[in-house]
Amino acid sequence: MYSKFDFLSIESTFTFTLTNINGFKKKRKKYASGRVLVSTPRQPGQYNFSLAEAGKICTHCEKDFKSLWNLKRHLEEYHHIHEILSNVEAYVGAALQNQLNMDQSNKDSISKNEIFESDLDEDITEFNVIDSDVSDTEISDESENENDNGKNGNFADLDTGNYLYEAILSSMTTSAESISLSVEEDVNVFANGVLSFENLESFVPKNYPFKNLQTMIMLALIDGDNDMLSRRIIKKILFAMNLVLKLQEEAINTKIPFTLPRFDALLNFQKRKKSTMLVFKSKIVKFDLSDGTQMEVCFNLPSEHLKLLAANPKTSKKIFLLPDRTPDQAVCLQQGEKWRTHPLFQRPMWTIDNIDFWHGDVVKLKADQNNVCFLIESFHTIKNSYIFCCGYNIWSSGAGKFGIEITCSDIPIERLDSVLPTPSSSLCYSISPTTVSSLISLHSSLLGISHFMRRHVSEEHRVQSNHRLFYRVAISPISLFTDDTSGNTTVQSNPYECGIRKKKGVTGASMLPTIVKDVQLMEGGILMYSHEYKEFILAYAPLVWIEADMPCHSMLCDILGPTSLYPCRICYVELQRKVENLKDEDYYTKRHKNRTKQHYIAAAPSLDKLIVIPDISLIYDKHTAEFLRFKNTITHILLDLQSFDPLQDTPVEILHVILLGIAEYLINDLVNSVLVKKDELRQLMGYLKNYEQSKGMSQKFTRLLSGCGSYLGRDYKCLIQILLVILVIKFTGNPVLKNITPCFIQLGQLCSLVFVRAIESDLETYIHEVDTAVKGLIKQLLVYDKNCELNGHNPYTSKLKAQLLTHLPDNIRRFGTPLHFEMEKGEQFNKHIREHLFHTNKLNTSKDIGLKFAKQTMMRHILDGGSWPIENGLRLSCGKGVKAYIDNTASVHKFWNSLFGGSREFADNNNDGSIVNSELCDDTFALFMLMHSGSQTIHPIIGKVSSF
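With our numbering as the guide, the letters of the sequence shown map in order to residues 29 to 976.
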């Protein structure tokens, strides 16, 4: 007998009906599209296997056959058509169509009570029920009557191309046409007809169970072995294959040879002399290890990156920026105090109408009197758009004398007309509204000393530079980031720093001399081709800051760790760890004596650290470098940089100081020690879950409080925004929270100030508010420390992370808002380094990672349209075919997103950019300001947003 699967497998090839054993016919259903109508059995329990005989006529000789198999053999023997059954159906298609038309015309002649819709899914159980009241003879007789009357069922839907179906159809047709067989014999014949085929595989589709061969190959690639492929990589592979297949199709149509690159040409092209691919100029340095062996370290130096950026059409206009002197504002790095005032950051020249105006030039002004001219000092912008020239007005007298104003003035560059001869210093005076004096030193240097960035154009570059005498100057400050990561999936072991394994006396600090030499080279100016100016320019790249966590900052500044007596790299504050040694709040909130670069330089050459640091008055009257926790390591080479100051250019980093510092301390205390009752912790977690539906937060807090020990910075960032609100509203009056809740309130106030990207106005007011919030937090932490009853509690006030917050206002004034110098974005880059480490043999990680990043950089440079030098001083860029493909491809956006890192955006998770232009959502709270209040006083209002 046949199983249920046998009937399900042939559902699309034939239908059957069965009447109710009591003689009642099934309720008539609505006909579904594609269903086949069959005649109603005349006796209860009778099976109707009447099969269609349509489509069995040869279209060549019009001979009729009883089965399609006979027709197939006839076509092969007499008409010499050796095709598969699917082609045989092409011959019988017309006959099938005729039969369908006949069936449609006969529908009206059949009684509605005699028509059923065959539904295999519903009737499969009924089909297995045999009516014992109906004899075999009755079934046989009924079949004979139906055959005699020519009332076989109509099965017109035969165009299947299924070998197994055709075999079953042929066998069942033979059984239905034989009036002498009983039902059991019909079933036996049906079974023998199927089981008689020795090779069942011949009836299975040729690519079964795969849809096609390409699917089989791709599934073998993904699931064939233990080599893991992520969803992101699989999508990139499929996308790249589609692009390659389209290129192959175009090559066939245009009759162009099409070949795929060899494996070696993809991975090792940088080693092949005949390769035309551009190769990044990495530097290999060998280090001696403590065991007598050597290790090679690969450097992709900043200067080489800067050369590529300058020659790239997409970046050349973005990297060379002028200082911005918009007053009382902090919206970009150019508005920071260092960028506005440091000599290496000031642009000494500007070109207008192909005329170079330089620092120290005396310039005639447009639309001014003949007795007034202008002495240029530098160039800057206002509001990041309008370019101004900073300098001093010069008044000339009739006696050939010149008076230079002491007060500096800013004029638009559009007023500069032409360069005048520089007057002699002996004829010039410095003047103010009330006094006239000899030249001050600043005026004297402007008139008599050529600017250090002014360099004559060499002969080889004279033609490209339009025969100008001096190179154009552009300034592109850089920042450095350093951190350690792990070579494993966990960050707890196998540490790597700057891509090299920390072992055998070699660490990330060992790379500093090579990097510092390169930065020194950029501080002195390097020649590079500029795509913006289409000529060689003199580029300067001073150092803005170095981003790192606290231990790494201490190492870079040659200061002992955070647990030492004087751990601060910025000032000489003494921090003791015991509660009984805590001082008053003024000591922790006031400014202490600062370390200076001169102190660091004085301590650097002393190997025993017994040298006395000058100008220091501390208790115990000990001024030695050793007592002040200076140490001597290789990192003192950073002091050779003109643009680096250890105490000012290692800014306080809010990710580790606030989120992974104060916030982590307080949340761990709250969860592990303060809320000791499980009901309270469960209640708090319930309130936190309610915020998952909030529309006012771009990120949701979905972690469990019990896992607070493994939180990341983003978890603390989400939690600190809602936790203090819950503690104040839902846990009011809880005695166990009376000491820690005020700490959360002060911490929330500080976080609301520092996690902003730009300050449009009132910068000094903002800095004052930050300073006040820091002092309020430290004072409240001191109260918490003195009243804390937790066992083994270490006071948070005397921790270095709390003390560093007092220097945050100075960092904001020097660089802008704290989000500019936080290292969250740099931390996220660790995942890319760690993934590269996973796919190396760990023997030379620096070279492997450096080579990978170098190839990425060059690939982007080529496809961005950047140029590179070749022999004879010429420059090349990618060919027209590459440019046309990039410009004309319909999916260019998807091309960049899929193949150039768009699927993994390299950005922080502050989401401050999306909040500025977003609309207010319903059921959220916002701060409103009444603009027209009549007689009422204008004041801010906090209200709930509603569209009704």
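Ideal Cβ placement from N, Cα and C applies to all residues, glycine included.
Nearest to residue i by alpha carbon, out of the options?
i	options	result
Gly552	Arg862, His471, Ser671, Lys706	Ser671
Phe286	Lys274, Leu294, Asp292	Lys274
Val544	Ser331, Thr321, Phe866, Tyr557	Ser331
Asp316	Thr535, Val359, Asp697, Thr282	Thr535
Lys766	Glu817, Gly714, Thr282, Tyr739	Glu817
Gln322	Asn872, Ile587, Leu249	Asn872
Leu891	Val910, Leu334, Ala882, Asn900	Val910
Leu334	Gly252, Ile503, Leu257	Ile503
Ile587	Arg862, Lys625, Ala912	Lys625
Glu563	Asp612, Glu488, Arg597	Glu488
Ser446	Glu788, Ile861, Ser465, Trp378	Trp378
Ser895	Tyr106, Leu336, Glu852	Leu336
Pro897	Ser466, Glu433, Val307	Val307
Leu549	Leu571, Met539, Ala537	Leu571
Asn382	Val811, Tyr499, Ser413	Tyr499
If you measure between the beta carbons of residue i and residue j, is that distance less than 7 Å?
i	j	result
Leu508	Ile574	yes
Leu775	Leu805	yes
Phe416	Ile410	yes
Arg657	Ser592	yes
Arg375	Phe407	yes
Gln357	Leu791	yes
Glu846	Gln808	According to the sequence as given, residue 846 is Pro; it is not Glu. No, Cβ-Cβ distance for Pro846 and Gln808 is not below 7 Å.
Phe480	Leu455	no
Leu752	Phe772	yes
Ser738	Phe267	no
Arg623	Leu675	yes
Ala338	Ser558	yes
Arg888	Glu365	no
Thr513	Asn869	no
Tyr600	His627	no
Asp546	Leu329	yes
Ser460	Ile434	yes
Thr369	Ala537	no
Arg849	Pro590	Here the sequence assigns Phe to residue 849, which means Arg is not the residue at that position. Contact: no.
Ile380	Ile441	yes
Count the other CB atoms, across all protein chains shown, that sit within 10 Å of the CB of residue i; report buried if there are 16 or more and exposed otherwise.
i	result
Ile977	An answer regarding residue 977 cannot be provided, because it is not within the stretch 29 to 976 covered by the chain.
Asp643	exposed
Cys746	buried
Thr304	exposed
Ile795	buried
Cys89	exposed
Leu244	In the sequence under discussion, the amino acid at residue 244 is Met, which differs from the Leu named in the question. It counts as exposed.
Ala395	exposed
Val232	exposed
Phe77	With a pLDDT of 40 at Phe77, under the threshold of 50, the modelled position of that residue is not reliable, and no figure is offered here.
Ser458	buried
Cys580	buried
Asn340	buried
Ala631	buried
Glu681	buried
Met269	exposed
Lys100	buried
Can residue i be considered in contact with the ligand SAH, in the sense that its beta carbon sits closer than 6 Å to one or more heavy atoms?
i	result
Gln808	As far as ligands go, the structure on display features none, and thus does not contain the ligand SAH.
Three CB pairs or more closer than 8 Å across the region 798 to 805 and the region 552 to 568: No, the region 798 to 805 is not in contact with the region 552 to 568.
Segment contact flag, the region 383 to 396 with the region 866 to 885, C-beta cutoff 8 Å, min 3 pairs: No, the region 383 to 396 does not touch the region 866 to 885.
Given 8 Å, three or more beta-carbon pairs between the region 614 to 627 and the region 821 to 839: Touching, per the Cβ criterion.
Start-end ranges of the alpha helix (DSSP H) lying completely within the region 439 to 467, minimum 4 residues: DSSP runs (the alpha helix (DSSP H)) wholly in the region 439 to 467: none.
The region 900 to 912 in contact with the region 350 to 366 per 3-pair CB rule at 8 Å: A contact between stretches requires three or more CB pairs, one per stretch, nearer than 8 Å, and the region 900 to 912 fails this requirement with the region 350 to 366.
Three CB pairs or more closer than 8 Å across the region 693 to 704 and the region 756 to 772: Three or more Cβ pairs drawn from the region 693 to 704 and the region 756 to 772 lie within less than 8 Å of each other, which places the two stretches in contact.
Continuous alpha helix (DSSP H) assignments of at least 4 residues falling wholly in the region 731 to 801: For the region 731 to 801, the full-length alpha helix (DSSP H) segments reaching 4 residues or more read 741 to 758, 769 to 782 along the chain.
Segment contact flag, the region 464 to 481 with the region 369 to 387, C-beta cutoff 8 Å, min 3 pairs: Contact between the region 464 to 481 and the region 369 to 387 is present, because at least three Cβ pairs lie under 8 Å.
Three or more C-beta pairs below 8 Å linking the region 715 to 722 and the region 685 to 692: Using a C-beta cut-off of 8 Å, the region 715 to 722 makes no contact with the region 685 to 692, since fewer than three inter-stretch Cβ pairs fall below that distance.
Secondary structure, beta strand (DSSP E): runs of 3+ residues fully inside the region 243 to 289: As far as the region 243 to 289 is concerned, it has no whole beta strand (DSSP E) run of at least 3 residues.
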